[in-house]
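Beneath this line is the structure, given in C-alpha cells, with notes to follow.
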Amino acid sequence: MTPHRAVTPDRAVTPDRAVTLDLAAAVTARNFSVELNVAAGETVAVLGPNGAGKSTLLNLVAGLLRPDTGHVQLAGRTLAGRTLADPAAHVWVPPHERGVSLLAQQPLLFPHLSVLDNVAFGPRSAGKSSRDARAIARIWLEEVDALELAERRPASLSGGQAQRIGVARALASDPQLLLLDEPFAALDVAVAPALRRMLRRVLESRTVVVVTHDVLDAFTLADRVVVMHDGAIVEQGPTREVLLHPRTRFTAELAALNLLMGTRVDGGMSMGGGTGFEGRVIAAAVAHSAAGAAFPIGAAAAMAVRPSAVSVSVAEHASAERASAEHASADPTSTEQASADRSAGLNVLRGIVHDLEPRGDVVRVRGVVGGSGVVSGLGALGGAEGAGQALAADVLPSVVVDLDLSPGAAVFFSFEPGAATMYPSA
1 MTPHRAVTPD RAVTPDRAVT LDLAAAVTAR NFSVELNVAA GETVAVLGPN GAGKSTLLNL
61 VAGLLRPDTG HVQLAGRTLA GRTLADPAAH VWVPPHERGV SLLAQQPLLF PHLSVLDNVA
121 FGPRSAGKSS RDARAIARIW LEEVDALELA ERRPASLSGG QAQRIGVARA LASDPQLLLL
181 DEPFAALDVA VAPALRRMLR RVLESRTVVV VTHDVLDAFT LADRVVVMHD GAIVEQGPTR
241 EVLLHPRTRF TAELAALNLL MGTRVDGGMS MGGGTGFEGR VIAAAVAHSA AGAAFPIGAA
301 AAMAVRPSAV SVSVAEHASA ERASAEHASA DPTSTEQASA DRSAGLNVLR GIVHDLEPRG
361 DVVRVRGVVG GSGVVSGLGA LGGAEGAGQA LAADVLPSVV VDLDLSPGAA VFFSFEPGAA
421 TMYPSA
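Under UniProt numbering, think of the first position of the sequence shown as 1, with each following residue one higher.
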C-alpha cells in the first residue's frame with residue numbers, strides 16, 4: 001500500500017467520477033431527512049451549527065445509527081436499508097464490516113498499546129501478519145510526520161500528536177470512505193494549521209466526509225461543501241462557490257458574509273423591486289462565475305460583502321442626501337433609502353442598529369437596512385424576512401464610542417462597489 005502524496009490545491013470534481021457514497025435516509029425522531037452523494041476521490045465538508053444533523057449523518061454512514069427509511073450504499077454495496085435485488089429484505093452491515101473509518105474529535109487511542117501498535121491495529125484486524133501490519137503502520141506514521149513517536153504510549157502525546165496518530169490509524173486500514181468529525185475542535189489554535197496542511201496532503205485522492213463548524217477547514221480540505229440546518233441540506237456545491245457566493249442567509253452567516261437580496265438592474269442591484277429610482281441601486285462587481293451564465297437585467301440577484309468592508313456613520317454623504325431626497329419625493333410612502341454615491345464611489349444605505357457584539361479588537365454592528373427597519377428572525381449576520389434586510393459592519397471600539405452607537409440608533413452603512421460581489425440568487 002502506498003500513501004497518496006500528490007498535492008493539488010484546487011482539485012477538480014469531474015462529473016464522470018463514480019459515486020462512492022449514496023445516502024438517502026431519514027431518522028424521524030431527529031427530524032432528519034437527507035440525500036447525499038459523494039464521488040470517488042472527493043472530499044466533502046459538512047457545515048452547520050449544533051443540532052443541524054451533522055453527527056446523525058456520520059453515524060448513519062458509520063453504522064452507529066439505523067435509518068427509519070431509506071438506504072446507505074458504499075461503492076454499490078448496500079450497508080443499510082433495502083436492496084434492489086430483494087426489496088423485501090432489510091440489510092444491515094455492522095460498523096466493522098463497512099470499509100469505513102471514523103476519526104472523532106478525540107482519537108481514542110488504545111492506552112495499553114504503543115503508537116506503532118495503535119496504527120497497526122486496523123491492518124492486523126483485517127488479517128495482516130504482525131510484520132506486515134507494523135510495516136504499514138510505519139508507512140502511515142511517516143506520512144503524518146510522526147514516525148519518531150512510534151514507541152511512545154498515548155499518555156505521553158500532546159493533543160496535536162495524538163490527532164496525527166489518529167489520522168494514521170484511520171488510514172492504515174485502507175478504508176473506502178474516511179469520516180472526520182470535527183478533527184480540529186479539541187486542538188489548540190496554534191496546532192490546527194499544521195494539522196490542516198498535513199490532512200490536505202494525506203487525504204489527496206481519498207474519499208472523505210469531514211464534519212466541521214469552521215469554514216477554514218472547508219476551504220483547506222474540501223472539493224465540495226454541504227450546509228445543513230434542522231436535519232436537512234439547505235445548500236451545496238463547490239467549496240469556493242458556496243462560501244464566497246452564498247445563496248441563503250444561513251450559509252452567508254457561516255461564511256461570515258453579509259447577504260443582500262434584490263433584482264439585477266443596470267449598474268448593480270435594486271433592493272426595492274423598481275428600477276426607476278437611482279436611490280434604489282447598489283453598485284457591485286459581477287462574480288466571475290456568473291459572467292458567462294444567464295444573469296439578465298431583472299433576474300433575482302444576491303450580493304455578498306464582508307462586514308470588515310462596511311463602514312458606519314451617523315451623517316449621510318452629500319451626494320447620498322441628494323439621492324435620498326430624490327427618492328423620497330418620488331415615493332414618500334417608502335422609508336427605504338439606498339444610494340450609489342457615484343462621486344465618492346460609495347454605496348450608502350440608511351439603517352437602524354439592531355445590536356452590537358465585541359469581537360476581539362473590533363465590534364460587530366448589526367443593523368437593518370431598507371423597509372421599516374424591522375427584520376424578522378435576525379440571526380448572527382441576520383436573516384431577513386420582510387421589507388428590511390440585515391447588514392453588519394466590523395468597526396473599531398472607538399467608532400462605537402465616538403458615534404454613540406446603541407440598539408435603535410439611526411445610522412448609514414456604506415461600502416465600496418468593489419467590495420461587493422453580485423451573482424444570481426438561484
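Ideal Cβ positions, reconstructed from N, Cα and C, are used throughout, including at glycine.
As the structure is a computational prediction, the values presented were derived from the model and not from experiment.
Original post:
In chain order, which continuous runs of the alpha helix (DSSP H) of length 4 or greater are located wholly inside the stretch 52 to 140?
Top reply: 54 to 62, 115 to 125
Subject >> Span of the beta strand (DSSP E), counted from its first residue to its last, around T212 >> reply: 208 to 212
Subject >> Backbone CA spacing between A192 and Q105 [nearest angstrom] >> reply: 12 Å
Original post:
According to DSSP, which residues form a beta bridge with V242?
Top reply: The partner list for V242 (beta bridge, DSSP) is empty, contrary to what the question assumes.
**OP:** Please go through the same chain and pick out, in chain order, the residues whose beta-carbon is closer than 7 Å to the beta-carbon of A283, but skip the five residues on each side of it.
**Re:** G267, G268, A340, N347, P417
**OP:** Starting from the Cα of A426, find the closest Cα among L149, E143, G237, S313 and give me that residue.
**Re:** G237
Subject >> Per-residue DSSP class, three states only, for E182 >> reply: coil
**OP:** Report the rounded CA-to-CA distance for A420 versus A304, giving the unit in angstroms.
**Re:** 6 Å
Original post:
Using the rule of at least 16 other Cβ atoms within 10 Å of the residue's Cβ for burial, across every protein chain shown, is F110 buried or exposed?
Top reply: With a 10 Å radius around the Cβ and a threshold of 16 neighbouring Cβ atoms, F110 comes out exposed.
Subject >> Separation of V314 from G351, as counted between CA atoms >> reply: 10 Å
Original post:
Which term fits A29, buried or exposed, when burial requires 16 or more other beta carbons within 10 angstroms of its beta carbon?
Top reply: exposed
**OP:** Along the beta strand (DSSP E) that carries A420, what are the first and last residues, could you check?
**Re:** 420 to 424
**OP:** Could you tell me the distance, in whole angstroms, from the CA atom of P15 to the CA atom of N37?
**Re:** Confidence at P15 is low in this model, with a pLDDT of 41, below 50, so its placement is unreliable and the value that follows should be read with caution. So the alpha carbons of these two residues sit roughly 12 Å apart.
Original post:
Quick one: what does DSSP say residue 428 is sitting in, helix, strand or coil?
Top reply: As shown, the chain starts at 1 and ends at 426. That puts residue 428 outside it, with no answer to give.
Subject >> Bridge-paired residues (DSSP) for V362 >> reply: R359
Original post:
Do T20 and A75 come within 7 Å of each other at the CB atom, strictly closer than that value?
Top reply: In this structure, T20 lies closer than 7 Å to A75 by Cβ.
Subject >> 8 Å contact criterion, which L102 and L179 should meet: CB distance rounded >> reply: Sure, about 4 Å apart at Cβ, within 8 Å.
**OP:** Going by DSSP, name the residue or residues bridged to N258.
**Re:** Under DSSP, N258 forms a beta bridge with V305.
**OP:** Please classify A194: is it buried, with 16 or more other beta-carbons within 10 angstroms of its beta-carbon, or exposed?
**Re:** Its Cβ having fewer than 16 others within 10 Å, A194 is exposed.
Original post:
In chain order, what residues of the same chain have a beta carbon less than 7 Å from the beta carbon of H229, not counting five sequence neighbours either side?
Top reply: G48, A52, F250
**OP:** Report the residue from G81, P175, E357, I233 whose alpha carbon sits nearest the alpha carbon of R66.
**Re:** G81
Original post:
Can you check whether the CB of T239 is closer than 7 Å to the CB of A222?
Top reply: yes
Subject >> Rounded C-alpha distance that separates L171 from W140 >> reply: 7 Å
**OP:** Could you pull out every residue in the same chain whose Cβ sits closer than 6 Å to the Cβ of S414, ignoring the five residues on either side in sequence?
**Re:** S311, L346, V348
**OP:** Spell out the partners DSSP gives residue 428 in its beta bridges.
**Re:** No answer is possible for residue 428: it lies beyond the span of the chain, which begins at 1 and ends at 426.
**OP:** Please determine, among A285, S158, L58, the residue with the shortest C-alpha to C-alpha distance to V34.
**Re:** The candidate whose alpha carbon is nearest that of V34 is L58.
Subject >> Pick from G166, S130, A126 that is closest to D145, judged by C-alpha positions >> reply: For D145, the closest of G166, S130, A126 by C-alpha to C-alpha distance is G166.
Subject >> Cβ-Cβ separation, E182 to V211 (assumed contact under 8 Å), whole Å >> reply: 6 Å
**OP:** Determine the contact status of S205 and G41, defining contact as a CB-CB distance below 7 Å.
**Re:** Result yes, Cβ atoms of S205 and G41 sit closer than 7 Å.
Original post:
For P307, is the classification buried or exposed, using 16 other Cβ atoms within 10 angstroms of its Cβ as the cut-off for buried?
Top reply: buried
Original post:
Where P95 and V369 are concerned, what is the direct C-alpha to C-alpha distance, given to the nearest angstrom?
Top reply: Going by C-alpha positions, P95 is about 51 Å away from V369.
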